[in-house]
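Note sheet for the following structure.
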Amino acid sequence: MPGGVSAPVRVLGVDPGLHITGYGVLELSGKRIRLIEAGVVKSRSETLEGRVRDIYKGVREVVEKFSPESLALEALYSHYKRPMTAVLMGHARGAICLAASLSGIPVISYAATAVKKTLTGNGRAPKDQMQRTIQLELGLRSYPNPPDVADALAIALCHLYTFL
Numbered sequence: 312m313p314g315g316v317s318a319p320v321r322v323l324g325v326d327p328g329l330h331i332t333g334y335g336v337l338e339l340s341g342k343r344i345r346l347i348e349a350g351v352v353k354s355r356s357e358t359l360e361g362r363v364r365d366i367y368k369g370v371r372e373v374v375e376k377f378s379p380e381s382l383a384l385e386a387l388y389s390h391y392k393r394p395m396t397a398v399l400m401g402h403a404r405g406a407i408c409l410a411a412s413l414s415g416i417p418v419i420s421y422a423a424t425a426v427k428k429t430l431t432g433n434g435r436a437p438k439d440q441m442q443r444t445i446q447l448e449l450g451l452r453s454y455p456n457p458p459d460v461a462d463a464l465a466i467a468l469c470h471l472y473t474f475l
């Protein structure tokens, strides 16, 4: 766990998605990590441009409300069988990066396997193991749901554990 930090530090973790984007705001004060808020930005739009707009507006609202010092974001991953997925996710990431950039917040990307390895020791940890880990690390009564929220919190925790 990072130590020696005198002023509280806020990190916004984001798990990008075109329909559901998970987010989690964590605050590090001394050696204590506290959950400030977690949730999802949903888009009900039928068009790609509408979804991108909704993601941008939703993330921008979270940034304005909580004023994080940095935004930790899941890195883009492309599987050779589904290259279009990476292209579509690039749109969501672009909207998120724009919201952070216009607020002067640096964006740090983490590969999903690096996040999983940092938190569980297993770069291929399944969703339920990640949810359980987040529940234990943050002292939550139940698993964070949907899994997009757990992923966003995991990205924020990974950032706090490795960057600060």
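Residue numbers (the working numbering): 312 to 475.
Glycine included, C-beta positions come from ideal geometry on N, C-alpha and C.
None of these values were measured; they are calculated from a predicted model.
**Asked** CB-CB under 7 Å to threonine 444, same chain, minus the five flanking residues each way: which ones, in chain order?
**Response** Counting from one through the sequence shown, the residue named residue 444 turns up at place 133. Excluding positions up to five away in sequence, the list reads Leu430 and Thr431.
**Request:** Report the three-state DSSP secondary structure of alanine 436 (helix, strand or coil).
**Result:** Walking along the sequence shown from the start, residue 436 turns up at place 125. Alanine 436 falls in the coil class under three-state DSSP.
**Item:** Where leucine 384 falls: helix, strand or coil (DSSP)
**Value:** By one-based count along the sequence shown, residue 384 stands at place 73. Leucine 384 falls in the strand class under three-state DSSP.
**Prompt:** In chain order, what residues of the same chain lie with their CB nearer than 8 Å to the CB of leucine 451, ignoring the 5 residues before and after it?
**Reply:** By 1-based counting over the sequence shown, the position of residue 451 is 140. In the same chain as leucine 451, and ignoring 5 residues on each side of it, the C-beta atoms closer than 8 Å to its own belong to Leu346 and Ile445, in chain order.
**Asked** Distance, Cα to Cα, leucine 468 vs glycine 324?
**Response** Here residue 468 is taken as the residue at index 157 of the sequence shown, counted from 1. Here residue 324 is taken as the residue at index 13 of the sequence shown, counted from 1. About 8 Å.
**Item:** Whole-angstrom distance between isoleucine 331 and proline 297, CA atom to CA atom
**Value:** Nothing can be reported for residue 297, as the shown portion of the chain is limited to 312 through 475.
**Asked** Looking only at its own chain, which residues have a Cβ that is under 6 Å from the Cβ of methionine 312, when we skip the five neighbours before and after it?
**Response** To locate residue 312, count along the sequence shown from 1; it is residue 1. Bear in mind that the predicted position of methionine 312 carries a pLDDT of just 46, short of 50, making it too unreliable to give a figure here.
**Message:** So, for glycine 369: in the same chain, excluding its five sequence neighbours on each side, which residues have a beta-carbon less than 6 Å away from its beta-carbon?
**Reply:** For the purposes of this step, residue 369 is identified with residue 58 of the sequence shown, where counting begins at 1. In its chain, beyond the 5 residues on either side, Val352 have a beta carbon closer than 6 Å to the beta carbon of glycine 369.
**Cutoff 6 Å; reference glutamate 348; Cβ partners in own chain excluding five residues on either side** = The count along the sequence shown starts at 1 and reaches residue 348 at position 37. Cβ neighbours of glutamate 348 beyond the five flanking positions: Val336.
**Asked** For aspartate 326, which beta-bridge partners are listed by DSSP?
**Response** Here the question's residue 326 lines up with position 15 in the sequence shown. BP columns for aspartate 326 point to Gly333.
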